[in-house]
Every structure is written in C-alpha cells, then in structure tokens.
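Colleague:
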Amino acid sequence: MKFSKKNTGSSLSNAIEKPGRRKAIRALGLAGMATVSASGVTGATLPARKAVHSTFNTVDELRQDSSLKVGGLARTMGYYKPGDGGSAEYLVRSGKPDISEGAIIRKDDLYASLINTASVSYKMFGAIGDGQNDDGVQIKMAHAYANAMDIPLINYSGEFWIKGTHSIEIQSNVHWGQTIFHVDEKFGSSQGNLFMVLSREKSVPIEFDPATKAKFLAQIKPGVKLIPELSQFKNSLVIISDTNDKIGYRSGEAYGGRSSKPKEELFFVEEHGRILGDIAWEFTDYTSLVAHPGNDSYLVIDGGSFHMSGENPSTPPERLYIQIGFSVRRSRTIIRNQWVGLEGGKADVSMVPKGGFYSFSNVYDVLLENVRLIPWEKNRPGTDRDVPEGTYGIGGNRVLNATFRNVTAEGSPVHWGVFGTNLFKNFRVEQCVLNRVDVHFHCWNLYIKDSKIGSNGITVTGGGDLFVENTTCMAASFIAFRRDFGAKWDGDIRIRNCRHAPITQGETAILSFVADDFDYKYPIGYGRTVKVEDVVVDFRTVPESESVSWLMRTSAFSQRTDGERVFFPHHLEFRNIMVEGRQQGMRLLKLPDPQMLKLSKTGGYDGVQLKPNCKMIFEDIHLEKIAAQQPQSEDVHFLMKNAANNKYKDEYALYPELRITRCNDLTAYFGGNIAEVILDQCRIVRLTGDSKDSMPGALTFNSCKFEAEVTNSAFQFFTLGTTLGTSFINCVVYAPKVDNTARPDLTDLLGFIRINKEVHFNHINTRLGSDILNYYKGKGVKLSRSFIAMIKSHHELESAAAS
5 MKFSKKNTGS SLSNAIEKPG RRKAIRALGL AGMATVSASG VTGATLPARK AVHSTFNTVD
65 ELRQDSSLKV GGLARTMGYY KPGDGGSAEY LVRSGKPDIS EGAIIRKDDL YASLINTASV
125 SYKMFGAIGD GQNDDGVQIK MAHAYANAMD IPLINYSGEF WIKGTHSIEI QSNVHWGQTI
185 FHVDEKFGSS QGNLFMVLSR EKSVPIEFDP ATKAKFLAQI KPGVKLIPEL SQFKNSLVII
245 SDTNDKIGYR SGEAYGGRSS KPKEELFFVE EHGRILGDIA WEFTDYTSLV AHPGNDSYLV
305 IDGGSFHMSG ENPSTPPERL YIQIGFSVRR SRTIIRNQWV GLEGGKADVS MVPKGGFYSF
365 SNVYDVLLEN VRLIPWEKNR PGTDRDVPEG TYGIGGNRVL NATFRNVTAE GSPVHWGVFG
425 TNLFKNFRVE QCVLNRVDVH FHCWNLYIKD SKIGSNGITV TGGGDLFVEN TTCMAASFIA
485 FRRDFGAKWD GDIRIRNCRH APITQGETAI LSFVADDFDY KYPIGYGRTV KVEDVVVDFR
545 TVPESESVSW LMRTSAFSQR TDGERVFFPH HLEFRNIMVE GRQQGMRLLK LPDPQMLKLS
605 KTGGYDGVQL KPNCKMIFED IHLEKIAAQQ PQSEDVHFLM KNAANNKYKD EYALYPELRI
665 TRCNDLTAYF GGNIAEVILD QCRIVRLTGD SKDSMPGALT FNSCKFEAEV TNSAFQFFTL
725 GTTLGTSFIN CVVYAPKVDN TARPDLTDLL GFIRINKEVH FNHINTRLGS DILNYYKGKG
785 VKLSRSFIAM IKSHHELESA AAS
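Once you know that position 539 of the sequence shown is 543 in our numbering, the rest is easy, because the numbers rise by one and skip nothing.
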C-alpha cells in the first residue's frame with residue numbers, strides 16, 4: 005500500500021518548496037540584518053558587516069533610489085503616501101524574486117523583499133481601495149506571502165474592491181475585523197471562488213494490494229468502528245466511491261430517470277484505524293479511495309463584510325453554476341463574524357445560479373459561526389426573470405462534522421434555499437435563522453437546535469439521527485423528505501418542543517414522506533423509529549386555512565412496481581400536538597397496503613395471537629373535526645387500506661400495536677387489516693374495523709365516549725367485530741347524530757348494543773349517556789335488569805341477547 009503527503013505546489017505558494025530560504029527570511033529582524041548579508045537568506049554564514057539603513061516615504065521612492073545596495077535595509081512610511089497603512093521593512097537583494105517574497109521590483113537587477121513581518125495587511129502590497137482599482141490583485145499577493153511565510157493576514161479595517169480576481173488562496177489565519185469587500189459580480193465566473201481555503205498537504209489515493217483490499221472491503225459496512233488496514237492513515241478524511249455502482253437515481257421529468265449518484269462513503273480515521281462517521285452502505289468494489297489529510301491545527305478566518313453588486317456576469321460562465329465567495333477544502337476550518345449582503349441601493353438581478361457563497365468540499369470538522377448572508381433570488385414575479393436552476397448561499401459536498409451556529413439567511417418566497425448540499429454527515433445547525441436547510445442526497449445525522457427555518461423548510465433524504473429541538477419551521481411540512489430522492493430516512497427521527505408555523509393555505513404535515521413509484525436503486529421508507537412530542541402547529545399567519553394537516557404523510561404505495569417494499573418504523577410516537585390559530589386540528593396517518601410494508605422486526609398473526617412488530621402511539625393530539633360522512637367512509641384521521649386485497653407478504657409486513665390516547669372526535673378505518681388497537685379516553689365518532697367480516701386482531705376501548713356522527717342511517721354506525729376480541733372498559737355511549745341532528749331513536753344502529761335486546765363483545769361498566777336515558781324515559785321505556793347487567797359486565801362468550 006502507498007500513502008504519501010506532498011505540498012500543494014500551487015503557483016502562489018511555490019516558496020513552500022524552499023523551506024530554508026523562507027525560514028531565514030521569516031527569522032530575520034532589523035538587528036539580525038545588521039550582521040547578515042543578503043545572501044544569508046540562503047542559509048550560508050557570511051562575515052559580519054554593517055548594514056545600510058534607508059527610510060522612504062513611499063514604495064515608489066524606494067523603487068527609484070539608485071543608491072540602494074545588496075544587503076541594504078529599507079523602511080517605507082507608507083505604500084502610496086506616508087501613513088496609508090502600507091508601511092513595511094525590506095531587504096535589498098539581487099536576482100529574480102519569488103512571488104511569495106512580497107518583492108518591490110526595481111528597474112535595475114535589484115529588488116526589495118519584505119522582512120520582519122509577523123503579519124501582513126493588504127496595504128503593504130499596494131491595495132488602493134478607491135473603487136476603481138481591482139484590489140483583488142494585491143489581496144491575492146498578500147495572501148500568497150502570508151501562506152508562504154505561514155503568518156496571519158491581519159487587516160482590521162478599510163474598504164477594498166474585487167473586480168475579477170478569483171482563486172485567492174488562504175492557508176494561514178485571517179483577521180479581517182471590520183474590513184469591507186465590495187464584490188463586482190459582473191466578473192463572476194465558473195473558474196473559481198473568490199477565496200480558496202486550502203490545505204498545505206495534498207490529497208492522495210490509497211493503494212492496497214489485492215489481499216488487503218479484500219479485507220478492507222469486507223469491513224466497509226454499517227456498524228463498523230475499526231478498520232486496522234487504515235491505521236497508518238490516521239488524521240485523514242477517507243472517501244470511497246464506486247462509479248460503477250450507481251444509487252440515488254432522481255425521479256421527475258426533468259431528470260428522465262438518468263440522473264444518479266455513485267455509491268460513496270466518507271469517514272475520518274483516528275488512532276489504530278478507529279472510524280469516526282457512520283457507514284451506511286456496503287461495497288463490493290471501488291473506483292476511488294482517497295485520503296484527505298485532516299490537518300493538525302485549526303485555520304481561523306475572522307471578520308469581514310462582503311457587499312455584492314447582484315449583477316449578471318458580463319461573460320457567460322463556462323459551467324451552470326458560478327462560484328463566488330469561499331471554497332473551503334481544508335479540514336478543521338473556522339469561519340466566523342462575517343456579513344454578506346447587497347450593496348446599498350442594489351438588487352439581486354442575476355439570472356445565473358450560484359453554487360454557494362460558502363462552499364465546503366471533502367472536509368472534516370468545519371464551523372461557520374456568527375454570519376449573516378442572503379439566499380439568492382430565483383422565483384421572481386413573472387417568468388422572464390426566473391433563475392433556471394437552484395441558486396444557493398451555502399453549498400457543499402462530502403463533508404463530515406459541519407456546524408453552523410448563529411447563521412442568519414432569511415428571505416421572501418422569491419428567494420431560493422440558502423442551503424444546497426449533498427453527502428453531509430454529522431451536520432449541526434444551532435441558533436440559526438435560515439430560509440431552508442437542505443441536503444439533496446445522503447444526509448447522515450442531522451441535528452437542528454434553537455433555530456428558525458423559513459418557508460423553504462427542512463428538506464432532506466438520508467439516515468442516521470434526525471433530531472430537531474426547540475425549532476420553528478414555516479414551510480408546508482415541518483420536515484419534507486425529498487421526493488426526487490425517494491423521500492427516505494433510514495434512521496431515528498426525534499422532534500421535540502418545536503413549532504410548525506406554515507404560511508401556506510395548502511395541505512400541511514409535520515413529517516412528509518411522499519415518494520414517486522420509481523426505482524431509486526436503494527430502499528426507501530419512513531425511518532426506523534419516530535418520536536414527535538410537544539409540538540405546536542401554528543396557523544396564526546393563515547387562520548383562514550381549511551386544508552388538511554397531517555402528523556405524517558406517506559406515499560400512495562407500500563411496494564414499488566419494481567418489487568422494492570417501503571420500510572416502516574418499528575416505533576412511531578406522537579405526543580402533545582396542539583393547534584393554534586384555527587379550530588381545525590390534525591389528522592394522524594394514512595397507510596395503504598400495510599401487508600406490503602417492510603419492518604425491521606418480525607411479527608405475525610395466526611388467528612390465536614397477534615405478535616406485533618410495530619408500536620404506534622398517538623397521545624393528546626388536537627384532532628380535526630371531520631364533517632359527518634357515511635359510516636364506512638375512508639375520509640378519516642387514521643386509515644389502513646388494503647387496496648390490492650393481497651395477503652400479508654411475510655413476517656416483516658406491518659403487524660401493529662396501536663395506542664390512541666386522549667384524541668377527541670376520532671375517526672378511523674382499519675379496512676380489515678391486522679392490528680391490535682387500544683383506545684384510551686377518546687371521543688369516537690366513526691370507527692370501522694372491517695366492513696364485511698371481523699377485523700383480524702383486537703379492539704380495546706378504555707374510558708372512551710362513543711358519539712356517532714354520520715350522514716346516512718341506512719348502515720350500522722360502528723363495525724367493531726374482531727377475531728381476538730373487542731372490549732369496552734368504563735365507556736359511555738351517547739345518542740348518534742345523523743346529518744348533525746341527535747337521533748337517540750337510532751341507538752340500536754351503533755352496532756354493539758341494542759336497547760333491552762343485545763349487547764355484543766366484552767363490557768365492564770359501560771354506561772348510557774343522559775340523552776339516551778332521557779329519550780327512553782320520555783318514551784316510557786324502562787331498561788331491563790338483564791340489559792343493565794350486560795352493559796355492566798358482559799363477556800363475548802355469553803349470549804348477546806338480553807333476557
């Protein structure tokens with residue numbers, strides 16, 4: 005196997021290849037220069053002599069002075085004029101200067117190179133800041149020198165204009181303070197970002213012999229924590245990719261079923277081959293295995309304001325997306341305390357999509373903190389000024405351990421999503437205000453806390469942990485799993501103490517898993533476990549909304565036409581969901597073809613017992629008051645429907661234990677599917693187990709209230725027969741309502757009691773509401789002792805007839 009580390013060798017950093025010369029220049033101060041000649045910077049020791057000191061008002065004076073000799077020392081009071089911030093100290097030398105030396109070129113064969121620099125600023129390299137000069141040229145030179153000498157760039161104030169310069173490399177710390185950069189977007193291109201944050205070490209391929217490669221591939225699978233074969237590559241981000249194994253095919257007419265992603269994984273290697281970063285895929289081979297050195301220090305870029313002109317590039321870019329801002333390709337990079345926005349009086353009129361003012365690629369452990377930026381405009385009024393593709397404020401690919409803290413980027417519905425990324429793992433958003441958080445493909449472990457997400461929402465696909473806490477989201481769905489990548493999440497979902505405040509009048513959902521019936525080349529599904537608690541759904545912005553609002557919205561199928569079954573969580577829990585701003589509440593869940601779903605655990609039903617492999621809990625949910633329907637209508641809060649009337653696929657199909665607690669005005673339709681259902685302290689207005697036969701499973705009602713609300717009295721109001729038993733404990737039965745009119749005379753149509761005639765199923769302390777009692781009392785009908793005894797205590801094995 006081979007693994008080597010080399011310097012980048014960029015044109016602006018070639019001095020790194022000359023460590024002796026660079027270190028000598030860096031070490032020399034004025035005192036040292038008094039005893040060392042100019043050639044001493046090569047490392048040779050020469051006889052001591054007295055240096056000549058000269059002081060000049062400006063660089064131009066130094067450049068014109070013919071009395072300077074090799075080895076002389078020079079000091080300038082400013083670059084263009086004394087006190088302009090460009091003062092510096094120089095050593096006079098002969099020969100051809102290196103670009104990294106910050107050299108002042110003279111007309112003779114001499115030049116003056118910077119010395120005695122613990123840090124540099126832009127004025128030291130001739131940046132003017134007059135609005136006419138492209139200061140990017142001098143800014144690029146300053147960073148090249150700082151990179152070569154491994155010293156910080158410190159420029160706490162001033163205004164500078166960048167007019168076409170790009171690919172300014174940063175390899176040392178930067179302190180910008182209140183420096184203002186005016187960026188002329190007419191010069192925007194696809195050639196490179198303004199600033200390129202780069203590692204000093206080169207990424208290199210890892211080469212294994214066949215036997216080692218086989219061992220390595222055998223270990224790349226979910227759950228792996230240690231790969232000894234990688235132990236010598238510690239402190240590196242490793243990316244494995246197989247372009248011959250395509251996944252993530254993208255649905256939608258725009259992609260024609262051709263857009264896909266190579267199977268990829270990224271993880272960080274620590275001591276003895278310890279792996280940081282969950283592995284999601286298994287590999288049989290790879291076409292690329294690359295180690296990106298993780299750096300042994302943090303590079304910090306602090307401060308600065310960026311004022312954008314908002315214009316179109318004057319020259320059409322070579323590629324679809326233009327680069328503007330920062331490209332971060334160095335692990336352990338921190339960017340903080342920055343402001344990004346439009347110039348005063350300017351508008352975003354660009355028609356070209358941007359790849360992100362901050363873009364992160366192939367890096368580990370990066371932080372963006374205390375930053376204000378803007379999402380770019382896309383969907384302007386009309387269609388003639390719409391940007392044809394997504395345009396982003398933050399972008400990136402192949403990033404592990406990224407944290408965004410106190411980042412603000414909000415806008416109107418005209419603006420596109422500030423985030424547009426792929427392959428982000430261990431992704432944290434803290435105390436942010438963003439108009440969207442988005443990972444198109446393969447997000448793994450996303451944590452959002454104490455944040456506000458705007459109308460473009462949280463849109464992701466992937467797996468691992470998806471934890472959202474103390475966060476507000478204004479989109480139609482609190483979390484929308486991207487339809488074009490299969491609306492999948494292969495992991496655990498936790499939402500706690502959040503507010504969903506949609507600004508749309510259309511259908512909404514807390515979790516929206518809606519995929520196309522399409523072969524994405526990987527399994528799709530609704531998470532492995534889901535827990536949502538203490539959420540407020542806030543319609544105060546659109547109180548007139550009457551659209552359905554779901555806890556969880558699912559696809560219209562449970563098995564794709566290619567045969568792949570949709571996976572379903574083995575634990576699903578929603579508690580304390582409240583609605584504000586309108587009277588209309590929530591709906592729970594709609595499950596088509598549960599017999600085709602695929603669970604991670606086995607279950608079963610043999611006609612004697614039901615072995616559940618899924619627990620669903622709905623507790624204290626503010627339900628929508630659904631208008632009265634036909635008794636067996638499928639327009640309900642909870643629906644299980646076997647459209648194909650197929651048999652259960654196997655023991656991994658859905659065999660649920662369903663618990664619904666303190667949910668009033670409940671309507672449910674189980675469609676004859678297998679389930680064990682326990683309803684506690686609910687008000688039930690419609691419920692159908694099986695419209696024809698007994699529902700396979702069991703129904704238990706504890707302290708529930710039955711008050712049927714239907715539109716047709718030609719059918720039985722409740723169908724509650726089950727194969728494993730239906731039980732009522734401390735329940736109350738009220739007069740049914742037909743067409744919004746109380747009809748105690750139709751109590752016998754409830755389906756489980758007929759006054760003084762029959763009591764079906766198991767009962768303990770069932771009571772009749774006063775509306776029914778008063779009606780029969782008014783009719784002179786007295787309840788029989790046997791009937792009262794049966795609703796007080798009755799077993800299904802006993803006769804249903806009252807004597």
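In this text, a Cβ means the ideal position worked out from N, Cα and C, and glycines have one as well.
Look up Ala131 in the DSSP assignment and say whether it is helix, strand or coil.
Modeller: Sequence index remark: in the sequence shown, residue 131 carries index 127 (1-based). In this structure, Ala131 counts as coil in the three-state DSSP scheme.
Colleague: As a quick exercise: from Phe164, Pro573, Tyr149, pick the residue whose alpha carbon is nearest that of Gln136.
Modeller: For the purposes of this step, residue 136 is taken as residue 132 along the sequence shown, with counting starting at 1. For the residues Phe164, Pro573, Tyr149, the minimum Cα distance to Gln136 belongs to Phe164.
Colleague: Quick check on Leu377 - is its C-beta less than 8 Å from some C-beta in chain B?
Modeller: Of the protein chains in the structure, only one exists, and it is not chain B.
Colleague: Do Thr407 and Arg432 have their C-beta atoms within less than 8 Å of each other?
Modeller: Walking along the sequence shown from the start, residue 407 turns up at place 403. Walking along the sequence shown from the start, residue 432 turns up at place 428. In contact: Thr407 and Arg432 (Cβ atoms closer than 8 Å).
Colleague: Per DSSP, what kind of secondary structure is Ile759 in: helix, strand or coil?
Modeller: Looking up residue 759 in the sequence shown gives position 755. Coil at Ile759, not helix or strand.
Colleague: Pick helix, strand or coil for Ser335, following the three-state DSSP scheme.
Modeller: Here the question's residue 335 lines up with position 331 in the sequence shown. Coil.
Colleague: If we count the other Cβ atoms within 10 Å of its Cβ and call it buried at 16 or more, is Cys477 buried or exposed?
Modeller: Start at 1 with the first residue of the sequence shown, and residue 477 comes out as number 473. By the 10 Å Cβ count, Cys477 comes out buried.
Colleague: When DSSP labels each residue in this structure, what does Glu21 get in the three-state scheme?
Modeller: Residue numbering aside, residue 21 sits at position 17 when the sequence shown is read from its first letter. The predicted model places Glu21 with a pLDDT of 38, which falls under 50 and marks its position as unreliable; any figure quoted below should be read in that light. In this structure, Glu21 counts as helix in the three-state DSSP scheme.
Colleague: Below 8 Å on the Cβ atoms is my guess for Leu772 versus Phe710; work out the distance and round it to an integer in Å.
Modeller: Counting from one through the sequence shown, the residue named residue 772 turns up at place 768. Counting from one through the sequence shown, the residue named residue 710 turns up at place 706. Between Phe710 and Leu772 the Cβ distance is about 10 Å, and since that is not below 8 Å, they are no contact.
Colleague: Hey, Ser788 and Asn769: beta-carbon distance below 8 Å or not?
Modeller: Stepping through the sequence shown from its first residue, residue 788 is reached at position 784. Stepping through the sequence shown from its first residue, residue 769 is reached at position 765. No, these two residues do not count as a Cβ contact at 8 Å.
Colleague: Tell me whether Pro379 is buried or exposed, calling it buried when 16 or more other Cβ atoms sit within 10 Å of its Cβ.
Modeller: Numbered from 1 along the sequence shown, position 375 holds the residue referred to as residue 379. It is buried - the Cβ of Pro379 has at least 16 other Cβ atoms within 10 Å.
Colleague: If I follow the unbroken beta strand (DSSP E) through Asp249, where does it start and stop?
Modeller: Position 245 of the sequence shown, counting from 1, holds the residue named residue 249. First-last of the beta strand (DSSP E) with Asp249: 240–251.
Colleague: How many angstroms separate the CA atom of Thr463 from the CA atom of Ala479?
Modeller: As a first step, residue 463 must be located in the sequence shown, where it is residue number 459. As a first step, residue 479 must be located in the sequence shown, where it is residue number 475. So the alpha carbons of these two residues sit roughly 10 Å apart.
Colleague: Using a Cβ-Cβ cutoff of less than 7 Å, which residues in the same chain neighbour Gly281 once the five nearest sequence positions on both sides are dropped?
Modeller: Mapped onto the sequence shown, residue 281 falls at position 277. Around Gly281: Leu270, Phe271, Phe272, Leu404, Lys429, Asn430.
Colleague: Please report the residue range of the beta strand (DSSP E) in which Lys267 lies.
Modeller: Indexing the sequence shown from 1 puts residue 267 at position 263. DSSP places Lys267 in the uninterrupted beta strand (DSSP E) bounded by 265–273.
Colleague: Go through the segment 654–716 residue by residue and report every complete run of the beta strand (DSSP E) that reaches 3 residues or more, in order.
Modeller: 660–665, 670–673, 679–684, 687–692, 701–706
Colleague: Go through its chain and collect everything with a Cβ distance to Leu32's Cβ below 6 Å, but skip five positions before and after it.
Modeller: Walking along the sequence shown from the start, residue 32 turns up at place 28. No answer about Leu32 holds up, because its pLDDT of 46 lies below 50 and its placement is not dependable.
Colleague: If you compare alpha carbons, which of Gly314, Tyr149, Leu77, Val570 is closest to Asp102?
Modeller: In the sequence shown, counting from the first residue as 1, residue 102 sits at position 98. Ranking Gly314, Tyr149, Leu77, Val570 by Cα distance to Asp102 puts Tyr149 first.
Colleague: Asp775 and Ala739 - do their beta-carbons sit closer together than 8 Å?
Modeller: As a working mapping, residue 739 is identified with position 735 in the sequence shown. As a working mapping, residue 775 is identified with position 771 in the sequence shown. Yes; because the gap between Cβ atoms is below 8 Å, this pair is in contact.
Colleague: Is the number of C-beta pairs between the segment 714–729 and the segment 659–668 that are closer than 8 Å three or more?
Modeller: no
Colleague: In terms of alpha-carbon separation, which member of Glu93, Ser104, Val737, Arg687 lies closest to Asp624?
Modeller: Here the question's residue 624 lines up with position 620 in the sequence shown. Nearest of Glu93, Ser104, Val737, Arg687 to Asp624, Cα basis: Arg687.
Colleague: Can you tell me whether DSSP reads Leu777 as helix, strand or coil?
Modeller: In the sequence shown, residue 777 corresponds to position 773, counting from 1. If DSSP states are grouped into helix, strand and coil, Leu777 belongs with the helices.
Colleague: Spatial neighbours of Ile528 within its chain, please: C-beta separation below 7 Å, excluding the five flanking residues on both sides.
Modeller: In the sequence shown, counting from the first residue as 1, residue 528 sits at position 524. The answer, listed in chain order, is Gly490, Ala491, Lys492, Ala519, Val570.
Colleague: To test your reading of the DSSP string, which unbroken alpha helix (DSSP H) runs of 4 or more residues are found completely within the segment 137–199?
Modeller: 140–153
Colleague: Using the Cβ count rule (16 or more neighbours within 10 Å means buried), how would you classify Arg262?
Modeller: Counting from one through the sequence shown, the residue named residue 262 turns up at place 258. It is exposed - the Cβ of Arg262 has fewer than 16 other Cβ atoms within 10 Å.
Colleague: Straight-line CA distance for Leu728 to Val681?
Modeller: Looking up residue 728 in the sequence shown gives position 724. Looking up residue 681 in the sequence shown gives position 677. Linking Leu728 to Val681 through their CA atoms gives a straight-line distance of about 11 Å.
Colleague: What are the complete beta strand (DSSP E) segments, minimum 3 residues, inside the segment 595–630?
Modeller: 618–625
Colleague: Kindly list the residues whose CB is nearer than 6 Å to the CB of Gly675, restricted to its own chain and excluding five residues on each side of it in sequence; keep chain order.
Modeller: Here the question's residue 675 lines up with position 671 in the sequence shown. Only Met644, Lys645, Asn646 meet the Cβ criterion.
Colleague: Taking its Cβ as the centre, do 16 or more other Cβ atoms sit within 10 Å of Asn248, making it buried, or is it exposed?
Modeller: By one-based count along the sequence shown, residue 248 stands at place 244. The residue is exposed, with fewer than 16 neighbouring Cβ atoms inside 10 Å.
Colleague: Excluding five sequence neighbours on each side, which residues of the same chain lie with their C-beta closer than 7 Å to the C-beta of Ser91?
Modeller: The sequence position of residue 91 within the sequence shown is 87, counting from 1. Contacts found: Thr80, Met81, Gly82.
Colleague: Have a look at Arg557, Glu548, Thr169 and flag the residue whose alpha-carbon is nearest the alpha-carbon of Ala484.
Modeller: Start at 1 with the first residue of the sequence shown, and residue 484 comes out as number 480. Ranking Arg557, Glu548, Thr169 by Cα distance to Ala484 puts Arg557 first.
Colleague: Among Ala122, Val96, Ser125, Ser123, whose alpha-carbon lies nearest the alpha-carbon of Leu114?
Modeller: Looking up residue 114 in the sequence shown gives position 110. Comparing Cα-Cα distances from Leu114 to each of Ala122, Val96, Ser125, Ser123, the minimum goes to Val96.
Colleague: Okay, do the segment 343–359 and the segment 303–317 touch, 3+ Cβ pairs below 8 Å being the bar?
Modeller: yes
Colleague: Hey, how far is the Cα of Phe423 from the Cα of Gln342?
Modeller: The sequence position of residue 423 within the sequence shown is 419, counting from 1. The sequence position of residue 342 within the sequence shown is 338, counting from 1. Looking at the two C-alpha atoms, the distance is approximately 17 Å.
Colleague: Go ahead and label Val40 buried or exposed: buried means 16 or more other beta carbons lie within 10 angstroms of its beta carbon, across all protein chains shown.
Modeller: For the purposes of this step, residue 40 is identified with residue 36 of the sequence shown, where counting begins at 1. Interpretation of Val40 is limited by its pLDDT of 36, a score under 50 that renders its predicted location unreliable; no figure is taken from the coordinates.
Colleague: Can you check which of these residues, Ser604, Gly607, Arg564, is closest to Asp808 by C-alpha distance?
Modeller: This structure cannot speak to residue 808, because the chain is shown only from 5 to 807.
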